[in-house]
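Colleague: Structure below; questions to follow.
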Amino acid sequence: MPSKLNQAFLILIVFLVFISPANADEVNEKTVEVENIKIKYHFLDQISIKKEPEITELVFKAFTAYTQLFGGLPRDLSGNEYSEISIKVKQGKYLGGEADPQLIILTWANEDMFGYADWKTTLLHEVYHLWSAESIRYKDGREHWFNEGFAEYYAFKTAVQIGLISAENALSIAAFPIGYYSASQGLGQISMRDAGKNNKTKFDNYFLIYHGGWVVAMILDQEIRSKTDGKKSLDDIMAYMHKFYPRDKKLYEIDDILKSIKKATGVNFSEFLDKYVTGVQTIPISNYLHLSDALWSYKFNTRNKSKYKYLYQTLGIKKFE
Numbered sequence: 000m001p002s003k004l005n006q007a008f009l010i011l012i013v014f015l016v017f018i019s020p021a022n023a024d025e026v027n028e029k030t031v032e033v034e035n036i037k038i039k040y041h042f043l044d045q046i047s048i049k050k051e052p053e054i055t056e057l058v059f060k061a062f063t064a065y066t067q068l069f070g071g072l073p074r075d076l077s078g079n080e081y082s083e084i085s086i087k088v089k090q091g092k093y094l095g096g097e098a099d100p101q102l103i104i105l106t107w108a109n110e111d112m113f114g115y116a117d118w119k120t121t122l123l124h125e126v127y128h129l130w131s132a133e134s135i136r137y138k139d140g141r142e143h144w145f146n147e148g149f150a151e152y153y154a155f156k157t158a159v160q161i162g163l164i165s166a167e168n169a170l171s172i173a174a175f176p177i178g179y180y181s182a183s184q185g186l187g188q189i190s191m192r193d194a195g196k197n198n199k200t201k202f203d204n205y206f207l208i209y210h211g212g213w214v215v216a217m218i219l220d221q222e223i224r225s226k227t228d229g230k231k232s233l234d235d236i237m238a239y240m241h242k243f244y245p246r247d248k249k250l251y252e253i254d255d256i257l258k259s260i261k262k263a264t265g266v267n268f269s270e271f272l273d274k275y276v277t278g279v280q281t282i283p284i285s286n287y288l289h290l291s292d293a294l295w296s297y298k299f300n301t302r303n304k305s306k307y308k309y310l311y312q313t314l315g316i317k318k319f320e
């Protein structure tokens, strides 16, 4: 299926349906058909229409990347592969996004958020959720560290892989989740899992969940690559869960994540997750992610780059030797 999808991106059949903008509530729509997937855009203001070419290009690249990552197209609530999705786009004061079954809502803004996020990485995050959140789904909010944190990780990794973010900037951006996690108010007082158990705790512990989960994803990916001599990665876990935990059959929880890690990679991370995700201990990040040294080596001490090859790969950086 991914190969057919990639081929289909070369031939786009575009249909425009224009409705008069006289009324502010009226919508401009555009439908793009890619093989058997119909993407219906709903532009909720006139200015958003101008972003359509950029959005379309990014959505296609995201579908290519995530279809390859998960091993198939996203699925609906009955377990069938999508035949269509809708994307609603509007301008707002702040960046925002939401994903529901076969629906993405993107609120774009001219300003970045938290020093690193823009509307493109926000859209990559939400497209990712069509697979992880909608095709496979958590049993309850305690797994938002995995649902949201890993979505952030893959959004930025994909942005590097498709050329939106440079290698050097990828290393710099990776410092943000580390900093926000390390400075989060609930760190050491509430676990990542308990932080996501309801809407209030999730709101109060945003950085612990999103950025703590992002840090966990980076560590898992790097450690899996290292322990398997580069033969396995976090990607294998995502493909495994997409195959064996379809939403219509089973909702996953942390034991299923641990089982998937072991089955897909042969590596046991139960102690790590028990301490730092289920428990309230603080991750000793410097024991795992030597980010500053990797950045220095990438920029100035190039003879030392190979020492950090798995960290570079974790961040989506391919050319480092």
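Using numbering that gives the first Met the number 0, read the sequence shown as starting at 0 and increasing by one per residue. The beta carbon of each residue, even a glycine, is placed where N, CA and C say it ideally should be.
#1: Under a Cβ-count criterion, where at least 16 other Cβ atoms within 10 Å of its own Cβ denotes burial, should L310 be classed as buried or exposed?
#2: Which partner residues does Q90 have in the DSSP bridge list?
#3: Who are D99's beta bridge partners in DSSP?
#4: Which of the three DSSP states, helix, strand or coil, is assigned to A154?
#5: Quick one: Cα of N22 to Cα of T121, how far?
#6: Is K306 helix, strand or coil when you go by DSSP?
#7: Examine the Cβ distances between the segment 127–146 and the segment 68–78 and report whether three or more of them are shorter than 8 Å.
#8: Using a threshold of 7 Å, state whether the C-beta atoms of W144 and Y65 are closer than that.
#9: Since R192 contacts L76 with CB under 8 Å, what's their CB separation in whole angstroms?
#10: Please state the DSSP three-state secondary structure of K231.
#11: Does the separation of the CB atoms of Y209 and E147 fall below 7 Å?
#12: Can you name the start and end residues of the beta strand (DSSP E) that F42 belongs to?
#13: Given a cut-off of 7 Å on the beta-carbon distance, is the pair I236 and A263 in contact?
#14: May I have the straight-line CA-CA distance separating S165 from G178, to the nearest angstrom?
#15: Is the segment 291–307 touching the segment 222–233, taking contact as three or more C-beta pairs under 8 Å?
#16: Thinking just about the alpha-carbon of each residue, which of D255, A182, D234 is nearest to the one in I284?
#17: Enumerated in chain order, which unbroken segments of the alpha helix (DSSP H) with a length of 4 residues or greater are wholly contained in the segment 244–308?
#18: Do Y180 and V215 have their beta-carbon atoms positioned less than 7 Å apart in this structure?
#19: Just to confirm, are A61 and V126 a CB contact at a threshold of 7 Å?
#20: Should N286 be labelled buried (16 or more other beta-carbon atoms within 10 Å of its own) or exposed?
#21: Given this structure, state the Cα-to-Cα distance separating S171 from E252, to the nearest angstrom.
Modeller: Short version:
#1: It is buried - the Cβ of L310 has at least 16 other Cβ atoms within 10 Å.
#2: As computed with DSSP, Q90 is found in a beta bridge with W107.
#3: According to DSSP, D99 bridges with L102.
#4: It is helical.
#5: Below a pLDDT of 50, predicted positions are generally treated as unreliable, and N22, at 43, falls in that range; the measurement from the model is reported next regardless. Cα to Cα, the separation comes out at about 29 Å.
#6: In the structure shown, K306 adopts helical secondary structure according to DSSP, grouped into three states.
#7: Touching, yes.
#8: The answer is no: Cβ separation not under 7 Å.
#9: So it is not a contact: roughly 25 Å between Cβ atoms.
#10: Of the three classes helix, strand and coil, the one that applies to K231 here is coil, per DSSP.
#11: Contact flag set, yes.
#12: Per DSSP, F42 is one residue of the beta strand (DSSP E) stretching across 36–42.
#13: Yes, the pair counts as a contact, with Cβ atoms nearer than the cut-off.
#14: Across the structure, S165 and G178 are spaced so that their CA atoms are roughly 20 Å apart.
#15: With a cut-off of 8 Å on Cβ pairs, the segment 291–307 is not in contact with the segment 222–233, counting fewer than three such pairs.
#16: Per the Cα distances, A182.
#17: Considered as a whole, the segment 244–308 harbours 253–264, 269–272, 290–298 as its complete alpha helix (DSSP H) runs of no fewer than 4 residues, in chain order.
#18: No, they are not a contact pair.
#19: Against a cut-off of 7 Å, the Cβ pair of V126 and A61 comes out as a contact.
#20: That one is exposed.
#21: When rounded, the distance between both Cα atoms is 32 Å.
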